[in-house]
Ligand code: FES
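Residue numbers (this note's numbering): 225 to 373.
(1) Suppose you measure from the CA of residue 300 to the CA of residue 286; what does that come to, to the nearest Å?
(2) Using three-state DSSP, classify residue 366 as helix, strand or coil.
(3) By the 10 Å Cβ neighbour count, where 16 or more other Cβ atoms means buried, how is residue 275 classified, buried or exposed?
(4) Under a three-way DSSP split, which group does residue 276 fall into?
(5) What are the start and end residues of each continuous alpha helix (DSSP H) run of 4 or more residues lying completely inside the stretch 276–325, in chain order?
(6) Whose C-beta lies closer than 8 Å to the C-beta of residue 372 among residues of the same chain, with five residues either side of it excluded?
(7) By DSSP's criteria, residue 270 is part of a beta bridge. Which residues make up the other side?
(8) Grab me the residues of residue 330's own chain with a C-beta within less than 7 Å of its C-beta, minus the 5 sequence neighbours each way, in chain order.
(9) According to DSSP, which residues form a beta bridge with residue 264?
(10) Relative to the alpha-carbon of residue 343, which residue among 279, 267, 294 and 229 has its alpha-carbon at the smallest distance?
(11) Around the C-beta of residue 279, are 16 or more other C-beta atoms found within 10 angstroms, so that it is buried, or is it exposed?
(12) Under the DSSP definition of a beta bridge, which residues are partnered with residue 244?
(13) Using only the alpha-carbon positions, how far apart do residue 316 and residue 349 sit?
(14) Hey, would you say the C-beta of residue 283 is under 7 Å away from at least one heavy atom of the ligand FES?
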């Protein structure tokens, strides 16, 4: 049996959505301390839907295939769904990764989450608000407003 699935090889050889989004709404970069690989995700979000996504991965083939597949999985999806994407789902969509390469798919999950964190930070919201499915519901009633007298 081949070590890597056809899908892994396909996404490694022809990665989808490679590049940079200059005016991204959320950017996330993560790295794996052990192997030194780095992944950066750019999200364009409109009306809480990921309308565009691009990535740059300086890493192994599994990391490149994982980022490519992850971008395909989240494009066009609502943020609340994207937030729940797991590395397992990415690996499954690739028809599996060898056990010792599973950590490469973790980078994809983490990079997307980091980009979402950035998006939330820029918009003054929290992921919990979206996870509850009720964006109007914050932790308290307090509104944070800056510079208003
Ligand atoms: Fe580093 Fe795959 S070996 S992400």
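Glycine included, every Cβ here is placed at the ideal spot set by N, Cα and C.
This is what the structure gives:
(1) 24 Å
(2) Note on residue 366: pLDDT 45, under 50, position unreliable in the model; the coordinate value appears next. Annotated three-state conformation of residue 366 is coil, per DSSP.
(3) By the 10 Å Cβ count, residue 275 comes out exposed.
(4) Per DSSP, reduced to three states, the secondary structure at residue 276 is strand.
(5) 285–298, 303–306 and 311–317
(6) Confidence at residue 372 is low in this model, with a pLDDT of 42, below 50, so the placement of that residue is unreliable and no value is reported for it.
(7) 273
(8) 311
(9) 253 and 280
(10) 267
(11) buried
(12) BP columns for residue 244 are empty, so no partner.
(13) Rounded to whole angstroms, the gap between the alpha carbons of residue 316 and residue 349 is 31 Å.
(14) yes
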